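One structure is given here, and the rest of the page talks about it.
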Amino acid sequence: MTAGFGMMSGRPPFSTILEYRGKVFSVVGDEGEYTIPNFLSVYSDVQGPPEGITLPLSKGKKLNSAITGAKTQDLNQEVERLIHLLNTKEYRQVKDEWKVITLFIGANNVCVLCTPPVTRLPDLSDADIFENNIRLVLERLRTEVGKSFINLVGLFNVSSVYEATRGDSYCEMIWDPSYMMICSCIQQDEQQRQVALTGK
2 MTAGFGMMSG RPPFSTILEY RGKVFSVVGD EGEYTIPNFL SVYSDVQGPP EGITLPLSKG
62 KKLNSAITGA KTQDLNQEVE RLIHLLNTKE YRQVKDEWKV ITLFIGANNV CVLCTPPVTR
122 LPDLSDADIF ENNIRLVLER LRTEVGKSFI NLVGLFNVSS VYEATRGDSY CEMIWDPSYM
182 MICSCIQQDE QQRQVALTGK
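Residue numbers (my numbering): 2 to 201.
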């Protein structure tokens with residue numbers, strides 16, 4: 002469940018920020034993309050991968066139920082949509098087949114750590130609540146979806162994206178906070194990130 006938000010957008014401020022669901026590594030259907038479904042389609046009939054683009058904050062496309070900006074607290078809603086779709090006429094035959102479900106979520110929870118304490122929403126970055134949300138959804142997938150390989154993707158350090166692109170004029174314009182701030186941890190140095198995580 003990954004929305005592909007902003008993957009191919011042009012330069013701000015004239016860019017259109019869209020969800021490029023057809024290009025997401027885990028669940029894409031666009032022809033010629035290097036993705037799990039496209040690799041599997043060589044050996045088996047693949048059903049449900051989305052193609053193309055969607056508008057931000059859509060509730061998903063085909064069997065990709067990802068919501069841009071979602072946190073672990075939103076996973077249950079995404080799984081609810083998936084379960085509903087698997088019970089529709091279009092996807093009913095998929096319900097009894099083996100499925101690959103990728104969960105790639107949590108960066109939006111972690112990014113809250115770098116915001117001032119006064120502006121944080123309660124529980125978004127609490128480790129126990131984070132874990133509980135993931136466990137509940139995994140159990141629900143096991144009991145209500147069944148016959149699934151769950152690909153639980155770990156988070157990467159979003160700050161490394163900023164570090165890797167520093168000095169590139171295109172990327173510096175994109176990361177300029179006057180245009181868009183995706184994660185407040187991105188533009189902080191290592192010491193500031195440690196303070197955000199530990200409070201020291």
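Yeah, the Cβ is synthetic: ideal placement off N, Cα and C, and Gly gets one too. This one's a predicted model, so the numbers in the text were calculated from it and none came from an experiment.
- prompt: Just the Cα atoms here: how many angstroms apart are Lys96 and Gly147?
  reply: Position 95 of the sequence shown holds residue 96. Position 146 of the sequence shown holds residue 147. Cα to Cα, the separation comes out at about 8 Å.
task: Note the first and the last residue of the continuous alpha helix (DSSP H) segment covering Lys96.
output: On the sequence shown, residue 96 is found 95 positions in, with the first residue counted as 1. First-last of the alpha helix (DSSP H) with Lys96: 93-96.
task: Express the C-alpha separation of Asn109 and Ile18 in angstroms, rounding to a whole number.
output: Residue 18 sits at position 17 when you count from the first residue of the sequence shown. Residue 109 sits at position 108 when you count from the first residue of the sequence shown. Ile18 and Asn109: Cα-Cα distance of roughly 17 Å.
field: Helix, strand or coil at Phe131 [DSSP, three-state]
entry: The residue given as residue 131 occupies position 130 in the sequence shown. DSSP places Phe131 in helix when its eight states are reduced to three.
message: So, at 7 Å on beta carbons, what are the nonlocal neighbours of Glu98 in its own chain, with the 5 sequence-adjacent residues on each side left out?
response: Working through the sequence shown from its first residue, we reach residue 98 at position 97. Cβ neighbours of Glu98 beyond the five flanking positions: Lys148.
query: Leaving out five residues before and five after Ser179 in sequence, what residues of the same chain have Cβ atoms less than 8 Å from its Cβ?
result: Here residue 179 corresponds to residue number 178 of the sequence shown, with the count starting at 1. Note that Ser179 has pLDDT 47, beneath the 50 cutoff, so the model's placement of it is unreliable and no number is given.
query: Are there 16 or more other CB atoms within 10 angstroms of the CB of Lys90, so buried, or fewer, so exposed?
result: If you number the sequence shown from 1, residue 90 lands on position 89. So Lys90 ends up on the exposed side.
task: Report yes if the C-beta of Cys112 is less than 8 Å from at least one heavy atom of the ligand FAD; otherwise report no.
output: The model on display carries no ligand, and the ligand FAD is accordingly not part of it.
- prompt: Is Leu64 helix, strand or coil by DSSP?
  reply: Position 63 of the sequence shown holds residue 64. In the structure shown, Leu64 sits in coil (DSSP, three-state: anything other than H, G, I, E or B).
message: What would DSSP say about Phe157, mapped onto helix, strand or coil?
response: One-based indexing of the sequence shown puts residue 157 at position 156. Reduced to three states, the DSSP call for Phe157 is coil.
query: Which first and last residues belong to the beta strand (DSSP E) in which Leu104 is found?
result: The count along the sequence shown starts at 1 and reaches residue 104 at position 103. Taken as a continuous stretch (DSSP letters only), the beta strand (DSSP E) holding Leu104 covers 100-104.
message: Please report the straight-line C-alpha distance between Lys63 and Ile102, rounded to a whole angstrom.
response: The residue labelled residue 63 in the question sits at position 62 within the sequence shown. The residue labelled residue 102 in the question sits at position 101 within the sequence shown. Approximately 13 Å, taken between the alpha carbons.
message: Counting C-beta neighbours from all protein chains within 10 Å, is the total for Asn133 16 or more, i.e. buried, or is it exposed?
response: Position 132 of the sequence shown, counted from the start, is the residue given in the question as residue 133. So Asn133 ends up on the exposed side.
field: CA nearest to the CA of Ile106, picked from Leu156, Val113, Lys100, Cys112
entry: Within the sequence shown, numbered from 1, the residue matching residue 106 stands at position 105. The shortest Cα separation from Ile106 among Leu156, Val113, Lys100, Cys112 belongs to Leu156.
message: Taking the straight line between their C-alpha atoms, what separation do you get for Thr73 and Arg141?
response: Within the sequence shown, residue 73 is the residue found at index 72, counting from 1. Within the sequence shown, residue 141 is the residue found at index 140, counting from 1. Rounded to the nearest angstrom, the two C-alpha atoms are 14 Å apart.
- request: Since I believe Val80 is in contact with Val154 (beta carbons under 8 Å), could you give me their beta-carbon distance rounded to a whole number of angstroms?
  value: Here residue 154 corresponds to residue number 153 of the sequence shown, with the count starting at 1. Here residue 80 corresponds to residue number 79 of the sequence shown, with the count starting at 1. Wrong, their Cβ atoms sit about 16 Å apart, outside the cutoff.
query: In this structure, does DSSP put Ile37 in helix, strand or coil?
result: Against the sequence shown, residue 37 aligns to sequence position 36. It is helical.
message: According to DSSP, simplified to helix, strand and coil, what is Ile151?
response: Position 150 of the sequence shown, counting from 1, holds the residue named residue 151. It is a strand residue.
query: So, are the CB atoms of Leu104 and Leu76 less than 9 Å apart?
result: Reading the sequence shown from its first residue, position 103 is the one you call residue 104. Reading the sequence shown from its first residue, position 75 is the one you call residue 76. Going by C-beta atoms, Leu104 is nearer than 9 Å to Leu76.
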